[in-house]
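Undergrad: Per numbering that gives the first Met the number 0, the very first residue in the sequence shown carries number 0; after that it's consecutive.
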Amino acid sequence: MSTAPIIGDVERAASLLRAGGLVAIPTETVYGLAADATDPEAIARIYEVKGRPTGHPLIVHVADPDDVLALVADLPEAAQMLGAAAWPGPLTVIVPRPASLPAEVAGGLDTVGIRVPAHPLARDLIRAAGVPVAAPSANLFGSVSPTTAQHVAADLGERLDAGRDAILDGGPCDVGVESTIVDAVASPPQILRDGAITAEQVAELLGSVAAPSGPSRASGMLASHYAPDCTVHLADGDAEAARLADELPDARILDARDDLVDVARSLYADLRRADADGVGHLIAILPPAAGLGHAIRDRLQKAAAPRS
Ligand code: TXA
Ligand code: MG
0 MSTAPIIGDV ERAASLLRAG GLVAIPTETV YGLAADATDP EAIARIYEVK GRPTGHPLIV
60 HVADPDDVLA LVADLPEAAQ MLGAAAWPGP LTVIVPRPAS LPAEVAGGLD TVGIRVPAHP
120 LARDLIRAAG VPVAAPSANL FGSVSPTTAQ HVAADLGERL DAGRDAILDG GPCDVGVEST
180 IVDAVASPPQ ILRDGAITAE QVAELLGSVA APSGPSRASG MLASHYAPDC TVHLADGDAE
240 AARLADELPD ARILDARDDL VDVARSLYAD LRRADADGVG HLIAILPPAA GLGHAIRDRL
300 QKAAAPRS
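(1) Would you kindly work out how many angstroms separate the C-alpha atoms of Pro4 and His60, rounded to a whole number?
(2) I'd like the span of the beta strand (DSSP E) that includes His224, first residue to last.
(3) Thinking Pro227 and Arg271 are a contact (beta carbons under 8 angstroms), I'd like their distance in whole angstroms, please.
(4) So, using beta-carbon positions, are His150 and Thr26 closer together than 8 angstroms?
(5) Since Ala234 and Ala128 are thought to touch, with beta carbons under 8 angstroms apart, how far apart are those beta carbons, to the nearest angstrom?
(6) Does the distance from the C-beta atom of Ser136 to that of Thr37 stay below 8 angstroms?
(7) For Glu103 versus Ala43, is the C-beta distance shorter than 8 angstroms?
(8) Check whether the Cβ atoms of Pro145 and Asn138 sit closer than 8 angstroms, and answer yes or no.
(9) Taking the Cβ atom as the reference point for each residue, do Asp371 and Val22 lie within a distance shorter than 8 angstroms?
(10) Span of the beta strand (DSSP E) holding Leu32?
(11) Out of curiosity, what's the CA-to-CA distance linking Gly279 and Glu177?
(12) Would Ile295 pass as a contact of Leu253 if the rule is Cβ separation under 8 angstroms?
(13) Nearest-angstrom Cα distance between Gln200 and Gly175?
(14) Could you tell me if the beta carbon of Pro135 falls within a distance shorter than 7 angstroms of some heavy atom in ligand 2?
Laid out in structure tokens, this is it:
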């Protein structure tokens with residue numbers, strides 16, 4: 000069986016996208032599985048390749064902040080304030096879905112997630128394709144997100160069509176966890192997923208407009224998600240880690256408290272490496288619930304949640 004090629008040529012990748020193909024793209028957060036966001040058939044293939052239920056909406060990516068204004072005429076004020084500060088960067092805002100984007104891209108919702116990624120290759124590709132690009136994380140539904148082109152090839156290479164799809168290699172992702180999602184249609188705006196644009200930053204940027212957290216519609220909020228094969232055990236501090244290590248002498252320990260930027264960057268590669276090494280139990284020592292720690296705790300809690 001042939002697998003989709005790993006390529007470095009942005010023009011080639013853009014022509015595949017324009018022809019209705021799928022291209023796995025590097026972003027600063029994680030790799031995405033991209034398709035022309037205006038093409039319902041290409042979008043249907045994203046769901047099929049990922050094994051993702053069609054009710055789970057995708058994020059639409061554009062190359063420049065000005066392109067968001069061109070795409071979404073009635074941009075909520077909160078989205079304008081956050082976008083002005085964070086784009087290009089690891090922030091997605093939920094806004095009213097414009098008629099130019101098909102319902103399929105949003106899982107049938109009348110809202111849509113929009114983001115301007117910071118990775119230069121992603122922006123060059125979207126510009127060259129000349130269309131907005133829908134892209135969920137380029138992993139099988141429910142498993143660990145990819146942060147290298149090789150992760151994508153291992154997960155999806157054989158599920159992609161070698162004749163019409165490709166994986167664009169932009170090196171390892173810098174941030175390592177998915178974008179922060181803020182629902183700007185909700186009043187007050189609501190954080191649906193923590194990321195590198197922290198809850199503290201969102202609250203500060205929105206000023207008087209409070210940004211409480213709460214129950215969410217995002218699939219990243221399912222209890223079990225980002226799940227490796229090994230069993231993940233959470234420890235709040237050294238004492239609990241030591242107690243767990245006594246019970247599980249073969250467990251590997253992942254200390255997620257050091258430099259949080261480094262922890263986030265390598266988190267998914269660490270989970271994948273544990274599986275590749277045949278580790279059965281991973282003890283993760285949680286960082287404090289502040290700043291980037293929110294996103295790291297969230298991903299580890301989901302990796303540790305009971306599987307359905
Ligand atoms: O960093 C990222 O955001 C990466 C890169 C590739 O850009 N993408 C990503 O996509 O994480 P995905 O599909 O794995 O996660 C998108 C999340 C899902 O949890 C989805 O439910 C939520 O965004 N979402 C998208 N549109 C939404 C909407 N209209 N309302 C509520 N949630 C939405
Ligand atoms: Mg995902």
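Even glycine gets a Cβ: it sits at the ideal position worked out from N, Cα and C.
Quick caveat: nothing in here was measured; it's all calculated off a predicted structure.
TA: Looking at the coordinates:
(1) 23 angstroms
(2) Where His224 is concerned, there is no enclosing beta strand (DSSP E), given that its DSSP letter is neither H nor E.
(3) 7 angstroms
(4) no
(5) That belief does not hold up - the Cβ atoms of Ala234 and Ala128 are roughly 45 angstroms apart, past 8 angstroms.
(6) No, the Cβ-Cβ distance between Ser136 and Thr37 is not below 8 angstroms.
(7) Yes, the Cβ-Cβ distance between Glu103 and Ala43 is below 8 angstroms.
(8) yes
(9) The chain is shown from 0 up to 307; residue 371 falls before or after that span and cannot be answered.
(10) 31-35
(11) 25 angstroms
(12) no
(13) 19 angstroms
(14) yes
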